[in-house]
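Residues in the sequence shown are numbered from 1 upward in steps of one, following full-length UniProt numbering. Structure, as structure tokens:
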Amino acid sequence: MAGVEMVNRDGIEETFLLRAARIAAVVAMYWFVSITMVFLNNHLLDNHDLDAPLFVTFYQCVVTVVLCWLMQLLSAVCPQLIDFPSVKFDVKTSREVLPLSVVFISMITFNNLCLKHVGVAFYTVGRSLSTVFNVLLSYVVLRQTTSFKAISCCGIILGGFWLGVDQEGIAGSLSWSGVFFGVVASACVSLNAIFTKKVMPAVDANIWKLSYYNNINACILFLPLILVFGEVGRITRFSRLTDLWFWAMMTLGGVFGFAIGYVTGLQIKYTSPLTHNVSGTAKACAQTVIAVLYNSSSKTVLWWTSNMLVLGGSSAYTWIKSREMKMTPSGNKID
């Protein structure tokens with residue numbers, strides 16, 4: 001097998017092992033960045049001395065904007081090493097991206113609030129309804145119907161979600177506010193996908209331009225929210241406001257938030273959207289196991305069953321939709 005040679009897009013011959021090693025490295029990078037980001041955000045949000053989740057999220061958006069500027073600069077200096085679009089801020093484009101930005105800040109805020117209240121172990125189940133909302137919103141907004149097989153997978157996910165909520169309640173660790181934030185975050189993830197498709201033409205279908213405008217808008221939108229929810233007072237009273245380690249962790253959280261977009265794109269590029277979704281499901285499973293081991297938690301068989309139902313239902317849905325898209329004429333593919 002190692003001797004089999006293949007030709008890549010540039011016409012350069014490469015062995016199967018080289019391709020496999022590259023794919024393995026990209027998938028491992030995606031897992032590392034994604035899992036680390038979740039645990040790091042949980043650490044930042046679980047800080048009892050600083051109850052300011054909006055400020056934490058705002059700062060991460062600021063870091064993303066700064067990194068976009070830095071990447072533009074490096075791309076101009078070393079174009080052979082870094083490929084990043086040159087973006088000059090345009091008010092008209094920013095306005096066109098604004099509806100997505102409103103959904104975006106809702107998504108990342110409720111996502112972080114869910115993580116803050118339920119922890120990493122239950123996070124996969126708490127945020128599991130994105131697929132269900134995809135089906136609902138595709139019908140309500142886009143008038144797209146879904147096959148019975150795909151809807152059955154949503155039923156499995158819902159069953160896993162309710163079983164997980166039930167088991168957390170029995171264990172006495174259920175946070176209803178965390179569950180609520182998770183459900184809203186799941187809905188926002190689905191809306192984010194719909195609005196992203198709508199605004200892509202405004203940024204020349206470039207994901208980095210979209211990230212740049214989205215995060216600039218988010219930084220502006222977060223400021224009044226931080227004031228309204230009284231986080232300014234909590235920030236000024238925070239005892240570690242001048243602690244360099246605290247700001248290093250905050251900045252690192254922003255760097256990982258920026259990096260997840262890059263490694264997600266890499267994983268899709270070197271594998272496929274289906275493989276990316278399967279990898280994401282497997283990553284969520286590993287993330288849950290790591291969280292349980294790290295916290296030395298003891299979970300029931302039914303608790304683990306709820307996770308398996310959610311992950312299994314999500315994987316089956318992805319596989320079924322992939323097959324349906326292959327059988328659908330290219331002009332009428334189901335999203």
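All C-beta atoms in this analysis are idealised placements derived from N, C-alpha and C, irrespective of residue type, glycine included.
Distance between beta carbons of residue j and residue i, contact taken as under 8 Å
{"i": "C61", "j": "A187", "result": "Between A187 and C61 the Cβ distance is about 21 Å, and since that is not below 8 Å, they are no contact."}
{"i": "V165", "j": "V179", "result": "6 Å"}
{"i": "V183", "j": "L129", "result": "6 Å"}
{"i": "L221", "j": "V102", "result": "7 Å"}
{"i": "V65", "j": "Y212", "result": "7 Å"}
{"i": "S306", "j": "G160", "result": "5 Å"}
{"i": "T131", "j": "S314", "result": "6 Å"}
{"i": "L54", "j": "T109", "result": "6 Å"}
{"i": "V118", "j": "Q287", "result": "Rounded, the Cβ-Cβ distance is 13 Å, inconsistent with contact."}
Cβ neighbour criterion (16 or more within 10 Å) applied to residue i
{"i": "Y294", "result": "exposed"}
{"i": "residue 344", "result": "As displayed, the chain neither begins before 1 nor continues past 335, which places residue 344 out of reach and without an answer."}
{"i": "I170", "result": "exposed"}
{"i": "V38", "result": "buried"}
{"i": "W303", "result": "buried"}
{"i": "K326", "result": "exposed"}
{"i": "M308", "result": "exposed"}
{"i": "T242", "result": "exposed"}
{"i": "T236", "result": "exposed"}
{"i": "F84", "result": "buried"}
{"i": "G233", "result": "exposed"}
{"i": "K116", "result": "buried"}
{"i": "T93", "result": "buried"}
{"i": "C78", "result": "exposed"}
{"i": "K269", "result": "exposed"}
{"i": "L163", "result": "buried"}
{"i": "residue 372", "result": "Lying before the first or after the last residue shown, residue 372 is absent from the chain, which here runs from 1 to 335."}
{"i": "A28", "result": "exposed"}
{"i": "L45", "result": "buried"}
{"i": "G253", "result": "buried"}
{"i": "N332", "result": "Its pLDDT being 46, under 50, N332 is placed unreliably by the model, and the measurement read from it follows with that caveat. Burial call: exposed."}
Inter-residue spacing [alpha-carbon to alpha-carbon] between residue i and residue j
{"i": "M250", "j": "V56", "result": "7 Å"}
{"i": "T196", "j": "I35", "result": "24 Å"}
{"i": "S138", "j": "A150", "result": "13 Å"}
{"i": "A282", "j": "L67", "result": "29 Å"}
{"i": "H48", "j": "F122", "result": "20 Å"}
{"i": "T275", "j": "I157", "result": "20 Å"}
{"i": "H43", "j": "A291", "result": "12 Å"}
{"i": "Q80", "j": "K209", "result": "20 Å"}
{"i": "T264", "j": "V278", "result": "13 Å"}
{"i": "A20", "j": "N111", "result": "34 Å"}
{"i": "L311", "j": "T124", "result": "8 Å"}
{"i": "F133", "j": "S190", "result": "6 Å"}
{"i": "P99", "j": "A202", "result": "12 Å"}
{"i": "F141", "j": "I194", "result": "Phe is not the amino acid found at residue 141; the sequence shown has Val there. Those two C-alpha atoms are separated by around 9 Å."}
{"i": "G230", "j": "T15", "result": "58 Å"}
{"i": "V168", "j": "K88", "result": "Strictly speaking, residue 168 in this sequence is Glu, with Val absent from that position. Rounded to the nearest angstrom, the two C-alpha atoms are 48 Å apart."}
{"i": "A76", "j": "F148", "result": "51 Å"}
{"i": "Q267", "j": "N215", "result": "23 Å"}
{"i": "V91", "j": "V97", "result": "10 Å"}
{"i": "L113", "j": "R95", "result": "27 Å"}
{"i": "L174", "j": "S86", "result": "47 Å"}
{"i": "E324", "j": "S152", "result": "15 Å"}
{"i": "S106", "j": "V289", "result": "28 Å"}
{"i": "W319", "j": "T271", "result": "15 Å"}
{"i": "R9", "j": "L18", "result": "A caution first: R9 carries a pLDDT of 48, below 50, which makes its placement in the model unreliable, though a value can still be read off. C-alpha separation (whole angstroms): 15 Å."}
{"i": "G257", "j": "V63", "result": "9 Å"}
{"i": "D51", "j": "W247", "result": "15 Å"}
{"i": "Q144", "j": "C154", "result": "16 Å"}
{"i": "R127", "j": "G280", "result": "13 Å"}
{"i": "I12", "j": "N192", "result": "Low confidence applies to I12: its pLDDT is 48, below 50, so where it sits in the model is not reliable enough to give any reading."}
{"i": "F104", "j": "A259", "result": "17 Å"}
{"i": "F181", "j": "Y59", "result": "20 Å"}
{"i": "V135", "j": "W245", "result": "43 Å"}
{"i": "residue 354", "j": "C285", "result": "Look at the range of the chain in this structure, 1 to 335, and you will see that residue 354 is not part of it."}
{"i": "S177", "j": "I207", "result": "33 Å"}
{"i": "G172", "j": "K321", "result": "37 Å"}
{"i": "S296", "j": "R240", "result": "28 Å"}
{"i": "V255", "j": "A316", "result": "33 Å"}
{"i": "I82", "j": "F238", "result": "39 Å"}
{"i": "L223", "j": "Y30", "result": "31 Å"}
Inter-stretch contact at 8 Å, needing at least 3 Cβ pairs: the region 20 to 31 / the region 58 to 73: no
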